[in-house]
Structures are given as C-alpha cells and as structure tokens.
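**Q** I am attaching a structure below and will ask some questions about it afterwards.
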Amino acid sequence: MSEGQGGARAPAQRHVIRSPKDFWGGLSLVLVAAFALWASSDLPGMRGFAFGPGTAPRLFAYSLMALGFGVMLVGLLTDGPPLEKFTFSGTFGGAALVISLIPIYYFASRIGKWVPGVPPDIVVAAIGASVVVVLAFLLTNVAPRGPLFITAATIIFAISVRPLGLVISSYVALVIAANATKEVRWLESMIWCAVLTAFCSLLFPYGLNLPLQLWPRF
Amino acid sequence: MDLISNLAFGFSVAVTPMNIFLCLIGALVGTLIGVLPGIGPLATIAMLLPITFGLPPVGALIMLAGIYYGAQYGGSTTSILINIPGESSAVVTTLDGHQMAKQGRAGPALAIAAIGSFIAGTIATVLVAALGVPLTALALKFGPAEYFSLMVLGLVFAVVLAKGSVFKAVAMVLLGLMLSCVGSDIETGQSRLSFDLPELADGIGFVTVAMGMFGFAEIMRNLEQDASRDIVESKITGLMPTMKDFKDSIGAIGRGTALGSLLGILPGGGSVIAAFAAYTFEKKISKNPEKFGRGAIEGVAAPESANNAASQTSFIPLLTLGIPPNAVMALMVGAMTIHGIVPGPQVMTKQPELFWGLIASMWIGNLMLVVINLPLVGVWVSLLRVPYRLLFPAILIFCAIGVYSINNAPADAIMVATFGFIGYWLVKCDFEPAPLLLGFVLGPLMEENLRRAMLIARGDPTTFLTRPISGVLLGIAAILIIIALLPMIRKKRDEVFVEEGV
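Okay, here's the thing in structure tokens:
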C-alpha cells in the first residue's frame, strides 16, 4: 500500500492513485492474466481455422489483461472511495496459510518418516495442521481473524479427514474456526463444536449415505 | 389442452410422497436461510449441491428450487420485523415493511408479502409451463453459432444489470471464462493451466468456486461486522389485512408479478433487480408517492410479488435453452450436471417428468410456503436470536464436508478456502462475483460452440453476424452495451465539468 501514498511529499490531497479499489483490483487481474499467459504459453494455438487447446485460454487472458489495465487506468483518472479495512491483510493472511502448505505437499514423503511407528499420513496431517494453526495465531497480529481462521479450519479439515477420520478432523476444524471471531467463549464453543460434530457424523455417513470414514485407520 | 394435460402429468410426479417431502425440506431450508441475514440462497444451494448427489434427479431439483423461492418468502420476514434484509432481494421491502411494523401493522405486512408472493408464484408457474413448449421448439433450431451468440447475450445482460462498473463486470466474466479453461481441453484432451497437478487435471469444480466465492467469502466479511442484532420486539397482532389493504395492494401485486416475470426470464436478471424495479415503478405510478417509505402496503406487495415471480421464471431459459440467466440458475446447471442431465431443449423431450414435475412442484411449494410463513412466523423470529458465532462454524463444516464428499478429494476443500479469500479480495475491491460464476459455468459451453461454429464456417468469423438469429442476438447485445456505457460516459463527463468549473 506504500505506493498508494507515493505522492505523500507533494501537498497531501491528491494521491497518484485516486481510486485505490479500482487500481489494486485492476492490477490483480493483470497479474492473474499474465500468469495465465505464461502458464498457457506451451499450448498449441490455431491450426488452420481450427482452434487449438491454447487458443481460448490465451484469448480470455489477453482480454482480461486489457480490461485489467482499463480498470487500473480508471483508478488513476477518477476519484473513488478509499480501500476498506483489511483488504490486503485479510487476503494475504488467507493466502499465506494456503501457501504454507506447498512445502508440506512437496516434502510429504520425507516428513512422513519423522515419527517412527506412526503411519506417515497421520504424521504429515498433524505437522501440517500444527504449522497452519501456529501461523494463523501469529498472523492475528497483522491480519483479521475471519479470513485467517476460516481458511485455517478448512485446510485442517482437508488434510486430516482422510488419515484421522470425520470425527476428529471436524471437531478440530470447528474449534479452530470458532477463533474466527473475537467473542469466542471457550466452554460454549467446545460444547457446541461437539454437538455439531456429532450431528455431522450422523447426517453425512448415515443420513446421506456418503462414504465417509468416521475414525482413524490404524 | 396440452398445457393442462402436461401440468396434470407434472402434478402426478410432484405429489409422490418423496417429492412432496423434498419440496417441503426445500421450502423450509429456503425460509430458514431467507430469514437469517448473511446466508443467501446462492451460498446455501452451493453448500447443498453435494448432498443432492444421493437423491433422484427430479427430487434434487425440486428441493433446490424450493430453497430459491423459499428464500424470497423468508427474506421479507426479517426485512419487516427487524429492518435488516434477510436476503438481498428483500432490501426494498425494509423501506415500507418495517415502517408498517413500527405502526403496529407487522401482521398485515407479513400477510400481504406472503399472499402477494403466492399469487405471483401461481402466475409464474403457469407462465413457465406455457412458455416451455414454444421456446423449446425455437431452441431446437439453434446451431453452434446461435448458441454462442445467445450466451454472449446472456453474459452481456449479466454485465449490464450488475451493480457498479461495467468494466469490472466484464472483467469478472472473463476471469470466470479463464478459470473454466483449467483442466483438460475438450477436443484434444491436453491438460491446460493445470501445472501437472493431478488435483487440477479434471478442472476446477463448479461447487468449489461457488462455495468459496459466495459461502466462505461471505462468512469472512460477516465476521468483520458487529455481530449483535437488535430484534425490535413488535407484537404481531392480527395477521389478516383489512379489505382496504387488499384493494390497495391487488394492483401492485399484479404489476409486480408482470415486471418480475419479465425480469426473471431475461438473462442477467433475477429477483433482486425485479424487486427494485417493481418498487420504483409502483412509486412512480402512485397517485400519492409521498406515502412510500412511510408504510405503504403497495411498497411491500409489489417487490415481494416481483422477487418471487422472477425467481420462478428464471427457470425458463435454463429448462428450455439450457442457458442459466443468473448465478443461482448457474448452480442449477451444476446440480443437473451432477446427475448427468445436460440442460437444454432435450430435457423436455427426454425427461418430461423432470420438466413438468419441477414446474408443478413450484406451485405446491408456494402453497406450503404460505403455511410455513404465516402461522409459523414466531418460530422463524426466534431463530434470529441464534448468535452468528454459533452459526458460522456450522456453515463452515457443512461446506467443508460437502465439498470433500463430492470426489472424496481433500484438494477440493483447500481450493474452496482459496476461492474464499479470492472472493474476499474481489468484493473488497468492489468486484461482483456473480458474473464470474456465470462466466465460469458458460465457459466450456461457449468455447465448444465457438470452436464448432468456426469449424463449420471454415474459420470465417462473420458467420456469427450473417446467420440471422445469431446476428439479431449479437445486435441486441451490442445495443445493450452501448446503452449501459452511455450514461456512464455522461456522468463521468458531468464530473469533469464540475471539477473544471470549481
């Protein structure tokens, strides 16, 4: 956001970015489009008058980039409302948690061997969950709790539901999710999370006949 | 008459105990989420999509449809009693509805909202049935070029009617189209934009995007607001409106229904716009417009009829042409695809029980909703006392389990979380996610038809303009874009002039 105050030394009223919502929103679209162009650069394009696999993605990406620049330009030329609270910190807080999974994903086979005697997928899930929870609590200093703990809870559910089963994974995820608001009341949420876990453990595998495993497999 | 025999066939499908039960569940869930602010039908249907997997397709669609129009009923209750729209399409109902409640006329306001919705729902049901056959016949004449142009028109409508900047809405459509490219190419099977991750090889799931962008992003933002809700304790005495109320509102109900039905059919429309348009129209033609905002019963009757009519007629383009006119209908496409049904004109011929059963169930559902909403209004109000800090973990875990269970894929749940903060970012920057979802659903269809049309025309892009139906559709789209841009240009100019004048 520091660029937003780029003109701060000049008399303060006029910033370079007059409508920050447009500018930053547009910029993010340009970056996404550029990324997509790079990612689709190896796909074959038109063959005669037939589309190749790469034609449509590139067509969309170029148009998106053009519009992204357009929206950025609007942000420079017209006045708009200031950014809302937590625009950057909320988004990047959530993103940081998901990104922290990438090394765990790539080194899963090695991490799994760290604790002998315990099935490797349980080790990976436990370490992944701890990393995400610790990171989420550390980030509460700079980012809002909502995006942090909603993201953290979902990740924890995702990585632990297979090795640990529905009951444990959803209870842990629920307790973490309860931290997403400052008015968390510990006893109340512990009980409420247990009730919800029980409800889900009955509804999904039995009520709806979904093939979900309830307990860890040893 | 065909219409009557078709409807009779539909009712025979809809009144089976299983379907009645599912319709009731849909109506109940719809009312519930309609009453509770912060959860809309879009997020709910996205969450419940995986659950419908085990149901027969007719029952699944009946239930999901019930949620959509049920939410229109429920939303008015919260608007009237606590001045917070329970659902975005009930925003305008707060204006006069809550004023009526303050004057001690909450009962008649609730009743007229329900009665108006019921009348609108009945008329809209007949309309869906009547328009189904001719539109299906038209759709069978469509080739790839026409389909492509029709989808362009639908997206243009979505862009024009989205609130805020036209550029941003177009950008969202494009982002949706681009996301839909992830996965394997339809013709060659080559993997695109998937970075060799097996989790992305099949593309991004529709439920994943919808649930993340709407469900999760919404929770994240709701948690930032002050969680306390004040319920104005107004005693509901005497549900029945007086004769004068009926006389005042019957015209408004009729006009609201007509306007709502029209806006529902048009691509990009939907119940929110319908409610706004009906209210504005009613205020304009009223003999004493100063009454509006001070508890005019027409101000409750018109938008409530309109949003219900629109929520039902928006099924017309979906069922006949296979094109979802708004984001909720895009979810319905998802629901149909889960069950292996390709939405389009062939639904009516190949699965008549689905088509007519769904239509008949709408009327049954509306009847149920009147009962659910009027005598049971106290139950719903007491639900509003459940604090959000208890509600959101429940929503979260249902979403997480639901999305995981579709493919038993943990990666899907992580993707939902990812789309959650992406949606959060977009909304914070004033981008509407609804056009994105529409682009995402239409993306594969559009690409396929575009490629086919180009192949048939041997690479000549003018085929879209020279084929008459296609040309007309694109012409309408072009005119719409120009109209949408004109006032913006004018307004921007005015601003410049003002600045220079100072």
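In order, the protein sequences belong to chains F and C. Just so you know, the numbering used here puts the end of the first sequence at 223, numbered straight through with nothing missing. Just so you know, the numbering used here puts the end of the second sequence at 1164, numbered straight through with nothing missing. Virtual Cβ for every residue (Gly too), placed ideally from N, Cα, C.
Here's a check: name, in chain order, each residue in its chain whose Cβ is nearer than 7 Å to the Cβ of C:Phe1159, leaving out the five neighbours to either side.
**A** Because the pLDDT at C:Phe1159 is just 40, under 50, the model does not fix this residue reliably, and the value given afterwards should be weighed accordingly. Nothing listed; no residue qualifies.
**Q** Of the choices C:Leu837, C:Pro703, C:Leu983, C:Ile1068, whose alpha-carbon is the least far from that of C:Gly867?
**A** C:Ile1068
**Q** I'd like to know whether the C-beta of F:Ala17 is nearer than 7 Å to at least one C-beta of chain C.
**A** Reliability of the predicted coordinates at F:Ala17 is poor, the pLDDT of 46 falling under 50, and the value obtained from them is presented with this limitation in mind. Not one chain C Cβ lies under 7 Å of F:Ala17.
**Q** Using C-beta distances below 6 Å, list every residue in its chain close to C:Ile927, excluding the 5 sequence neighbours before and after it, in chain order.
**A** Only residues of its own chain outside the window of five on either side were considered, and among them Thr975, Ile978 have a CB closer than 6 Å to the CB of C:Ile927, listed in chain order.
**Q** So does the stretch 685-699 of chain C actually touch the stretch 1025-1033 of chain C, counting three or more Cβ pairs closer than 8 Å?
**A** yes
**Q** Nearest CA to the CA of F:Phe204: which residue from F:Asn184, F:Leu171, F:Val189, F:Ala185?
**A** The option with the nearest alpha carbon to F:Phe204 is F:Leu171.
**Q** Report the neighbours of F:Leu217 on chain C: residues whose CB is nearer than 9 Å to its CB, in chain order.
**A** Ile1063, Tyr1066, Ser1067, Asn1070
**Q** Cα separation between C:Phe638 and C:Gly769?
**A** In the structure displayed, chain C extends from 663 to 1164; residue 638 of chain C sits before or after that span and is not available.
**Q** DSSP has C:Ala845 in a bridge; who is on the other side?
**A** Reading off the sequence, residue 845 of chain C comes out as Gly, not Ala. C:Gly845 pairs with C:Arg854.
**Q** Alpha carbons only, please: which of F:Ile104, F:Gly50, F:Val200, F:Ile22 is nearest the one belonging to C:Pro1055?
**A** Closest by alpha carbon: F:Val200.
**Q** Please state whether DSSP places F:Arg63 in a helix, a strand or coil.
**A** helix
**Q** For a contact defined as C-beta to C-beta under 7 Å, what are the partners of F:Trp220 on chain C?
**A** Within 7 Å Cβ-Cβ: nothing; F:Trp220 doesn't reach chain C, min ~15 Å.
**Q** Within a Cβ cutoff of 6 Å, which residues of the same chain sit near F:Ser194, ignoring the five residues on either side of it in sequence?
**A** Ala183
**Q** Are at least three pairs of beta-carbons, each pair with one atom in the stretch 997-1010 of chain C and one in the stretch 795-805 of chain C, less than 8 Å apart?
**A** yes
**Q** Applying a beta-carbon distance threshold of less than 7 Å, which residues of chain F neighbour C:Glu886?
**A** Phe91, Pro149, Gly151
**Q** Identify the residues that DSSP records as bridge partners of F:Ala55: which are they?
**A** F:Arg52
**Q** Which residues, in order along the stretch 196-207 of chain F, keep a beta-carbon less than 9 Å from a beta-carbon of chain C?
**A** Trp197, Cys198, Leu201, Thr202, Phe204, Cys205
**Q** Using a threshold of 7 Å, state whether the C-beta atoms of F:Ser165 and F:Ala134 are closer than that.
**A** Cβ distance < 7 Å, so F:Ser165 and F:Ala134 count as in contact.
**Q** Closest to F:Leu32 by C-alpha separation, out of F:Phe56, F:Ala55, F:Leu81, would be which residue?
**A** Ranking F:Phe56, F:Ala55, F:Leu81 by Cα distance to F:Leu32 puts F:Leu81 first.
**Q** CB C:Gly732 to CB C:Glu749, shorter than 7 Å?
**A** no
**Q** May I have the straight-line CA-CA distance separating C:Ala776 from C:Thr739, to the nearest angstrom?
**A** 9 Å
**Q** Taking C-beta pairs closer than 8 Å, name the residues in chain C that F:Phe112 reaches, listed in chain order.
**A** Simply none; closest approach about 16 Å.
**Q** Quick check on this structure: which residue in C:Pro1072, C:Phe908, C:Gly874, C:Val1033 has the alpha carbon closest to the alpha carbon of C:Ala1079?
**A** C:Gly874
**Q** Could you tell me whether any Cβ in chain C is nearer than 7 Å to the Cβ of F:Asn214?
**A** Yes, F:Asn214 counts as interfacial toward chain C.
**Q** Reducing DSSP to helix, strand and coil, say where C:Met902 ends up.
**A** coil
**Q** What is the DSSP secondary structure of F:Asp84, reduced to helix, strand or coil?
**A** coil
**Q** Can you have a look at C:Glu966 and say buried or exposed, based on whether 16 or more other CB atoms are within 10 angstroms of its CB?
**A** Result: buried.
**Q** Return no unless some Cβ of chain F is closer than 7 Å to the Cβ of C:Gly769.
**A** It does not; no Cβ of chain F falls within 7 Å.
**Q** As a quick exercise: from C:Ala771, C:Met725, C:Phe908, pick the residue whose alpha carbon is nearest that of C:Ile742.
**A** With distances taken between Cα atoms, C:Ile742 lies closest to C:Ala771.
**Q** Closest to F:Ile116 by CA distance: which of F:Val136, F:Leu102, F:Ser46 is it?
**A** F:Val136
**Q** How many angstroms separate the CA atom of F:Gly98 from the CA atom of F:Arg150?
**A** 9 Å
**Q** Taking only beta-carbon atoms, is C:Trp1018 less than 7 Å away from chain F?
**A** For C:Trp1018, the answer is no, since every Cβ of chain F falls outside 7 Å of its Cβ.
**Q** Taking 7 Å as the threshold (beta carbon to beta carbon), is F:Ala163 in contact with chain C?
**A** yes
**Q** By a C-beta neighbour count over all protein chains shown, 10 Å radius and 16 as the cutoff for buried, is F:Gly53 buried or exposed?
**A** Under this definition F:Gly53 is an exposed residue.
**Q** Check whether the Cβ of C:Ala1071 sits closer than 6 Å to any heavy atom of the ligand MN, and report yes or no.
**A** Ligands displayed in this structure: none; no statement on the ligand MN is therefore possible.
**Q** Give the straight-line distance between the Cα atoms of C:Ala1146 and C:Val828, rounded to the nearest whole angstrom.
**A** The alpha-carbon atoms of C:Ala1146 and C:Val828 are separated by roughly 8 Å.
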